[in-house]
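Peer 1: Starting off with a structure, shown below.
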Amino acid sequence: MTSGVASNVLKLDASDNVVVALRPLAIGETVEGLTLTNPIPMGHKLSLVARTEGDPIVKYGQVIGRATQPIAAGEHVHSHNCGMADLRNAAGPGGASQRDLPARRTFQGFLRPNGRVGTRNYIGILASVNCSTTVCHAIAAEAEKRLLPRFPGIDGFAAIVHDQGCGMAGAGEGFETLVRTLKGYRDHPNFGGILIVGLGCEVNQLTLYRSSDWTKERFATFNIQDVGGSASAVRRALEILEPIAAAANQDRRSEQPVSKLTLAMQCGGSDAFSGISANPALGVASDLLVAAGGTSILSETPEIFGAEHLLIARSDAEAGEKITKMIEWWRDYTGKNGAELDNNPSPGNKRGGLTTILEKSLGAVAKGGRAPVAGAYAYAEPIDRNGFVFMDSPGYDPVSATGQVASGGNIIAFTTGRGSCFGAKPTPSIKLASTTALFNSMPEDMDIDCGRVLSGEIDLETLGRSIYETILDVASGKKSRSEEFGYGDHEFVPWKIGATL
């Protein structure tokens, strides 16, 4: 990664035929010996060489698209003159390797009876169906008011609600995905106790969620129809929650190995700098976590499209085959629903300088660092091994993060270039800004300034190690910006697959 004259541009790989503007560039400016023929917005690309129609556009040392019309040297390269390409390089930064052990390999967490470790100590109030969501919110609000002051060892009462649970088939992919997701939250180590509330007549019956993993004093369920109605349900819930809260209030943090951490990695509102600063820096932190025995999860299958070969190159045969089948499933799924994987970048992504899904995907995969892929999992499937893994999910952040938390993610690192606002319960979310400008413009939401890499103030390795330390600090109880604001009451969004009846 090299900077151009006066740090006006950045060339990411020696084989690239485009560079990225580090500031807005005007017509007539000279960059890399070229006189600009049109303005180049910050984060956007300019061509170093003349291109004819069909010629490859190379960034990150990878083909990100093809010229759809002639492009002059020094010209702006974006969606008006660059489109998708089928050609992808088989080589690239995909080879697996391990980093040295970090010096710090413990954090302060809540050890649960089943051996899992929480980073927070919430009481979860789960809705089995949309019909019980208002009651669940009312229960959480009353519990926060009446019980939380008496039990300060609890982080709060989290209403986990959704828009599903009925009007759907009681079998098949959609129903199984919902049940798997809710069970993942039911069993999550960031909960010190659970109450599940149903209506009573829904497809998604409470009998599916009885669990022998919880002691009686920590787990309960009931239906609103069985206790006299909505107001009665709130009163009944407070009676049930008091002993649950009393038990959870006794839980204390203790020193735990990093092997008990599962990092969920997300990117949202990406710009052209996300793949240069925040994502690769998070990749360093992910590698350090994995080297110390922990687990990190990469997801958002539509956003690895075009760069999946880099993950497959780091996978064993089983994981590689699973990732290939996931991509095939998504091609079929999007085709049936009038969409296409080739057209993924959002308007915000494009304003930030990302032109094609290949370009976006190469940056997104950088979050995964260099560690070998230890496994590939279905959405919300429990992660049963340590290491760097891939979990299938949509690219929509709250849906993807919900699946990662259900799979066991007990801390989230979320990179953003445009300024995504996100937080989750019961899992804390750390926000990484791709530029210093974003960090300064949204200080109430951003935890880490990754733009220091772009200015040369710090290198990726040093920044990645700092992110790793922040992950352990937040896992040990330090509040993230999203927690300080109170995010997480509306970000549980299970993937909805199939017909609503």
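If you're matching positions, the sequence shown starts at 5 in my numbering and goes up one per residue. Glycine included, C-beta positions come from ideal geometry on N, C-alpha and C.
(1) Would you mind giving the Cβ-Cβ distance between Gly-324 and Ile-316, rounded to the nearest angstrom? I have them listed as a contact below 8 Å.
(2) With distances taken from CA atoms, which of Ile-44, Ala-268, Thr-34, Asn-21 is nearest Pro-60?
(3) So is Trp-334 buried or exposed if we call it buried at 16+ other beta carbons inside 10 Å?
(4) In this structure, what does DSSP give as the bridge partners for Lys-63?
(5) Going by DSSP in three states, Gln-229 sits in which element: helix, strand or coil?
(6) For Pro-261, which of helix, strand or coil comes out of DSSP?
(7) Let me know the secondary structure DSSP gives Gly-339 once reduced to three states.
(8) Just list the beta strand (DSSP E) runs in the stretch 406-450, keeping only unbroken ones of 3 residues or longer that don't cross its boundaries, in chain order.
(9) Would you list the one or two residues that DSSP bridges to Thr-474?
(10) Classify Gly-47 as buried or exposed, calling it buried when 16 or more other Cβ atoms lie within 10 Å of its own Cβ.
(11) Which residues in the same chain have their Cβ closer than 6 Å to the Cβ of Gly-128, if we skip the five residues on either side of it in sequence?
(12) What residue range does the alpha helix (DSSP H) around Ser-51 cover?
(13) What is the DSSP secondary structure of Asp-453, counted as helix, strand or coil?
(14) Around the C-beta of Cys-271, are 16 or more other C-beta atoms found within 10 angstroms, so that it is buried, or is it exposed?
(15) CA-CA distance, Thr-39 and Ile-31?
(16) When DSSP builds the beta bridges, which residues end up paired with Ala-163?
(17) Within the continuous beta strand (DSSP E) that includes Phe-195, where are the two ends?
(18) Would Asp-388 be called buried (16 or more neighbouring beta carbons within 10 Å of its own) or exposed?
(19) Please list the terminal residues of the continuous alpha helix (DSSP H) segment that includes Lys-187.
(20) How long is the line joining the alpha carbons of Met-172 and Phe-496, rounded to whole angstroms?
(21) Would Phe-155 pass as a contact of Ala-249 if the rule is Cβ separation under 8 Å?
(22) Among all the DSSP beta bridges, which residues are the ones paired with Arg-55?
(23) Following the continuous beta strand (DSSP E) through Gly-391, name the residue where it begins and the one where it ends.
(24) Using the Cβ count rule (16 or more neighbours within 10 Å means buried), how would you classify Glu-322?
(25) I'd like the list of long-range same chain contacts for Asp-401, defined as Cβ closer than 7 Å, with 5 residues on each side in sequence excluded.
(26) Just list the residues that DSSP pairs Tyr-381 with in beta bridges.
(27) Closest by CA to Gly-157, which one among Arg-257, Val-377, Gln-229?
(28) Check Leu-115 in the structure and name its three-state DSSP category.
(29) Roughly how far, in whole angstroms, is the beta-carbon of Gly-178 from the beta-carbon of Gly-502, given that I think they are within contact range, below 8 Å?
(30) What are the start and end residues of the beta strand (DSSP E) that includes Ile-301?
(31) Determine the closest residue to Ile-416 out of His-192, Leu-29, Thr-266, with distance taken between C-alpha atoms.
(32) In angstroms, rounded to a whole number, what distance separates the CA positions of Val-121 and Phe-114?
(33) For Thr-110 versus Val-262, is the C-beta distance shorter than 8 Å?
(34) His-84 by DSSP, collapsed to three states: which one?
(35) Would Gly-356 be called buried (16 or more neighbouring beta carbons within 10 Å of its own) or exposed?
(36) Give the DSSP-derived three-state secondary structure of Phe-277 in the structure shown.
Peer 2: A quick look at the data gives this:
(1) Indeed they touch by this definition, with Cβ atoms about 4 Å apart.
(2) Closest option to Pro-60, Cα to Cα, is Asn-21.
(3) For Trp-334, the number of other beta carbons within 10 angstroms of its own is at least 16, and it is reported as buried.
(4) Beta bridge pairing from DSSP links Lys-63 with Gln-66.
(5) Judged by DSSP in its simplified three-state form, Gln-229 adopts helix.
(6) Residue state, collapsed to three classes: strand.
(7) Gly-339: helix per DSSP, three-state reduction.
(8) Fully enclosed beta strand (DSSP E) runs of 3 or longer: 415-420, 433-437.
(9) Partner(s): none; Thr-474 has no beta bridge.
(10) Counting Cβ neighbours within 10 Å, Gly-47 comes out buried, since at least 16 surround it.
(11) So the qualifying residues of the chain are Ala-162, Ile-164, Phe-195, Ile-198.
(12) Looking at the DSSP string, Ser-51 is not in any alpha helix (DSSP H); the run it does join, the beta strand (DSSP E), is 49-51.
(13) Collapsing the DSSP output to three states places Asp-453 in a strand.
(14) Cys-271 sits buried, since 16 or more C-beta atoms from the chains shown fall within 10 Å of its C-beta.
(15) Each residue's Cα considered, the two are about 8 Å apart.
(16) Paired residue(s): Ile-129.
(17) Phe-195 -> beta strand (DSSP E) spans 195-202.
(18) By the neighbour-count rule (16 or more Cβ atoms within 10 Å), Asp-388 is not buried but exposed.
(19) Annotation: the continuous alpha helix (DSSP H) that includes Lys-187 extends over 177-190.
(20) If I take the Cα positions, the gap works out to 19 Å.
(21) Contact: yes.
(22) DSSP lists Ile-75 as partners of Arg-55.
(23) 391-395 is the extent of the beta strand (DSSP E) around Gly-391.
(24) Glu-322 sits exposed, since fewer than 16 C-beta atoms from the chains shown fall within 10 Å of its C-beta.
(25) When the five nearest sequence neighbours on each side are left out, the beta carbons in the same chain lying within less than 7 Å of the beta carbon of Asp-401 are those of Gln-270, Gly-272, Ser-424, Phe-426, in order along the chain.
(26) Answer by DSSP bridge pairing, in chain order: Met-395.
(27) Comparing Cα positions, the closest option is Arg-257.
(28) It is a strand residue.
(29) Contact annotation, Gly-178 with Gly-502: C-beta distance approximately 3 Å; criterion of less than 8 Å satisfied.
(30) For Ile-301, the enclosing beta strand (DSSP E) starts and ends at 299-302.
(31) Comparing Cα-Cα distances from Ile-416 to each of His-192, Leu-29, Thr-266, the minimum goes to Thr-266.
(32) Those two C-alpha atoms are separated by around 5 Å.
(33) Inclusion of Thr-110 and Val-262 in the CB contact set at 8 Å is warranted, their separation being smaller than that value.
(34) Here His-84 sits in coil by DSSP.
(35) By the neighbour-count definition (other C-beta atoms within 10 Å, threshold 16), Gly-356 is a buried residue.
(36) Looking at Phe-277 - three-state DSSP - the assignment turns out to be coil, as it is neither helix nor strand.
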